[in-house]
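K.L.:
Please see the structure below; I have some questions.
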Amino acid sequence: MQPLVSIIIPLYNTEQYLSSTLDSVLSQTYSNWELIIVDDHSTDNSYAIAEQYAIGEERIKLIRRNSQLKGGSVCRNIGIKKAEGKYIIFLDSDDLLYNKCLENRVAYMEEELSLDFCVFQMEIISPDNTKQNIYLTHKEDNYLYAFLSYRLAWQTSCPIWKSEFIRENMIGFDERFPRLQDPEFHTRALLVENIRYQVLDDFSYLDSAYRFEFKKSNISNTITGFELYANMVCDKIKDRRDYNNCIKALYGTYEAMVYHYSVSEESDLRKEVSKMNRVNSFFYSKKIINKKLYFKTNIFLHYIQYNLYKLSFINKLLLKIGFDHFYGYRFDTENK
Numbered sequence: 009m010q011p012l013v014s015i016i017i018p019l020y021n022t023e024q025y026l027s028s029t030l031d032s033v034l035s036q037t038y039s040n041w042e043l044i045i046v047d048d049h050s051t052d053n054s055y056a057i058a059e060q061y062a063i064g065e066e067r068i069k070l071i072r073r074n075s076q077l078k079g080g081s082v083c084r085n086i087g088i089k090k091a092e093g094k095y096i097i098f099l100d101s102d103d104l105l106y107n108k109c110l111e112n113r114v115a116y117m118e119e120e121l122s123l124d125f126c127v128f129q130m131e132i133i134s135p136d137n138t139k140q141n142i143y144l145t146h147k148e149d150n151y152l153y154a155f156l157s158y159r160l161a162w163q164t165s166c167p168i169w170k171s172e173f174i175r176e177n178m179i180g181f182d183e184r185f186p187r188l189q190d191p192e193f194h195t196r197a198l199l200v201e202n203i204r205y206q207v208l209d210d211f212s213y214l215d216s217a218y219r220f221e222f223k224k225s226n227i228s229n230t231i232t233g234f235e236l237y238a239n240m241v242c243d244k245i246k247d248r249r250d251y252n253n254c255i256k257a258l259y260g261t262y263e264a265m266v267y268h269y270s271v272s273e274e275s276d277l278r279k280e281v282s283k284m285n286r287v288n289s290f291f292y293s294k295k296i297i298n299k300k301l302y303f304k305t306n307i308f309l310h311y312i313q314y315n316l317y318k319l320s321f322i323n324k325l326l327l328k329i330g331f332d333h334f335y336g337y338r339f340d341t342e343n344k
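The sequence shown begins at 9 in my numbering and counts up by one.
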């Protein structure tokens with residue numbers, strides 16, 4: 009029997025959580041599914057664990073990439089090509105589906121046949137499985153503007169997608185992105201003309217869990233992701249009637265980018281100043297930021313690049329003219 013739902017898991021070095029994730033799929037009350045696991049050449053026991061689960065379970069398809077690390081987007085795209093289901097769900101290899109997740113999602117989509125995708129509620133759990141009472145799907149007046157503002161209204165595992173919609177309108181995930189792959193994918197979906205979707209942000213639709221574990225992000229990858237994201241958005245919205253509103257919303261992404269590098273280590277920042285200058289100029293050229301903020305950002309970048317934070321009189325001067333902080337970075341004269 010052809011599966012109705014294809015669950016796609018990109019896998020890389022999550023041996024400590026993988027069994028719980030796979031058990032959550034196997035415990036579903038709905039059984040007409042296939043699970044496509046694409047391993048990105050894990051260096052721990054993740055692949056061996058997945059192999060054991062695949063033995064005797066014909067619904068599990070295990071694929072191993074045998075070349076260098078490519079990332080989750082490449083793995084998901086392989087899964088999309090292999091998927092046979094009418095619907096697709098993307099699941100991270102450390103997240104969980106509650107046992108009625110597939111049953112409820114399929115029932116909803118089969119009832120609302122006009123939808124291209126539907127978003128369900130997800131909660132956050134800590135690495136030790138402690139529930140945090142924080143929910144990832146939240147209500148917005150305009151979900152496109154929310155994503156453009158970097159207010160991410162849902163996580164990757166929250167939606168169930170029509171496979172046909174993804175193949176015809178999305179092709180797949182953009183493999184150029186080292187970061188922000190998920191916001192880029194969802195933003196691009198929301199920019200599709202005549203998109204039909206529904207967001208079920210009520211607690212009664214809670215059906216999955218996202219395992220949150222803080223990891224220090226690579227600033228180079230983060231800034232590259234923001235740059236690619238802004239370019240993609242500006243290209244997609246240039247002919248839209250709400251272009252100006254989209255540009256205003258995109259300012260939130262600029263703020264997020266600036267915050268990322270303002271709270272990073274100075275040594276890391278100095279390596280990326282030229283890239284950040286380029287991104288800053290891009291946002292200014294698109295009138296996402298004004299001249300005052302453009303120059304303020306440039307001052308901050310020079311402050312870091314030339315080690316000016318080591319000079320007490322420079323800090324005092326900046327404090328005197330009201331430059332007491334720059335997003336997450338504070339200017340002071342202590343220990344200078």
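Even glycine gets a Cβ: it sits at the ideal position worked out from N, Cα and C.
Assign I307 to buried or exposed, taking buried as 16 or more other Cβ atoms, counted over all protein chains shown, within 10 Å of its Cβ.
P.N.:
Within the sequence shown, numbered from 1, the residue matching residue 307 stands at position 299. Exposed, by the Cβ-count rule.
K.L.:
Can you list the alpha helix (DSSP H) stretches of 4 or more residues lying completely in the segment 267-339, in chain order?
P.N.:
274-293, 299-313, 320-328
K.L.:
In the structure shown, what three-state DSSP assignment does V127 receive?
P.N.:
Taking the first residue of the sequence shown as position 1, residue 127 is located at position 119. Reduced to three states, the DSSP call for V127 is strand.
K.L.:
Sorted by chain position, which residues of the same chain lie with C-beta nearer than 6 Å to E183's C-beta, five sequence neighbours on each side aside?
P.N.:
On the sequence shown, position 175 is the one that residue 183 refers to. Excluding the 5 residues flanking it on each side, E183 has same chain C-beta neighbours closer than 6 Å at S81, V82, in chain order.
K.L.:
For N343, count neighbouring C-beta atoms within 10 Å of its own C-beta (all shown protein chains included) and say buried if the count is 16 or more, exposed if not.
P.N.:
As a working note, residue 343 is residue 335 in the sequence shown. Caution applies to N343, whose pLDDT of 44 falls short of 50 and renders its modelled position unreliable; the value that the coordinates give is listed next. Answer is exposed; the Cβ neighbour count stays below 16.
K.L.:
Helix, strand or coil for Q206? Go by DSSP, reduced to three states.
P.N.:
Start at 1 with the first residue of the sequence shown, and residue 206 comes out as number 198. Strand, per DSSP.
K.L.:
I need the straight-line Cα distance from L105 to R219, nearest angstrom please.
P.N.:
Residue mapping note: residue 105 aligns to position 97 of the sequence shown, counting from 1. Residue mapping note: residue 219 aligns to position 211 of the sequence shown, counting from 1. Spanning the two alpha carbons is a distance of roughly 11 Å.
K.L.:
Using the Cβ count rule (16 or more neighbours within 10 Å means buried), how would you classify D250?
P.N.:
Residue numbering aside, residue 250 sits at position 242 when the sequence shown is read from its first letter. Exposed.
K.L.:
Can you tell me which of the three DSSP states F173 falls into?
P.N.:
As a working mapping, residue 173 is identified with position 165 in the sequence shown. It is helical.
K.L.:
Assign Q163 to one of two classes, buried (16 or more other C-beta atoms within 10 Å of its C-beta) or exposed (fewer than that).
P.N.:
Here residue 163 refers to the residue found at position 155 when the sequence shown is read from its first residue. Counting Cβ neighbours within 10 Å, Q163 comes out buried, since at least 16 surround it.
K.L.:
In terms of alpha-carbon separation, which member of H333, L198, G93, T22 lies closest to V241?
P.N.:
As a first step, residue 241 must be located in the sequence shown, where it is residue number 233. The candidate whose alpha carbon is nearest that of V241 is L198.
K.L.:
Closest to Y61 by C-alpha separation, out of S35, F334, T51, would be which residue?
P.N.:
As a first step, residue 61 must be located in the sequence shown, where it is residue number 53. Nearest option by C-alpha distance: S35.
K.L.:
For L19, verify whether its CB is less than 8 Å away from any heavy atom of the ligand PLP.
P.N.:
Of the ligands one can find in the structure shown there are none, so the ligand PLP has no counterpart to examine.
K.L.:
With N141 as the anchor, note down where its beta strand (DSSP E) starts and where it stops.
P.N.:
Stepping through the sequence shown from its first residue, residue 141 is reached at position 133. That run of the beta strand (DSSP E) goes 139-143.
K.L.:
Return yes when the Cβ of D48 is within less than 9 Å of the Cβ of R67, no when it is not.
P.N.:
If you number the sequence shown from 1, residue 67 lands on position 59. If you number the sequence shown from 1, residue 48 lands on position 40. Against a cut-off of 9 Å, the Cβ pair of D48 and R67 comes out as no contact.
K.L.:
On the premise that M130 lies in contact with N151, defined as a C-beta separation below 8 Å, what is that separation, rounded to the nearest angstrom?
P.N.:
Locating residue 151 in the sequence shown gives position 143, counting from the first residue. Locating residue 130 in the sequence shown gives position 122, counting from the first residue. This sequence places Tyr at residue 151; Asn is not what is there. In fact, because the Cβ distance is near 15 Å, the residues do not count as touching under 8 Å.
K.L.:
Let me know the secondary structure DSSP gives A161 once reduced to three states.
P.N.:
Counting from 1 along the sequence shown, the entry for residue 161 is found at position 153. Residue state, collapsed to three classes: coil.
K.L.:
Let's test the definition: count the other Cβ atoms within 10 Å of the Cβ of T138 and tell me whether it reaches 16, buried, or not, exposed.
P.N.:
The residue labelled residue 138 in the question sits at position 130 within the sequence shown. Result: exposed.
K.L.:
Please determine, among L188, Q140, D103, L327, the residue with the shortest C-alpha to C-alpha distance to N239.
P.N.:
In the sequence shown, residue 239 corresponds to position 231, counting from 1. Answer by Cα proximity: L188.
K.L.:
At the level of alpha carbons, what is the spacing between K300 and D276?
P.N.:
The sequence position of residue 300 within the sequence shown is 292, counting from 1. The sequence position of residue 276 within the sequence shown is 268, counting from 1. The straight-line gap from Cα to Cα measures roughly 25 Å.
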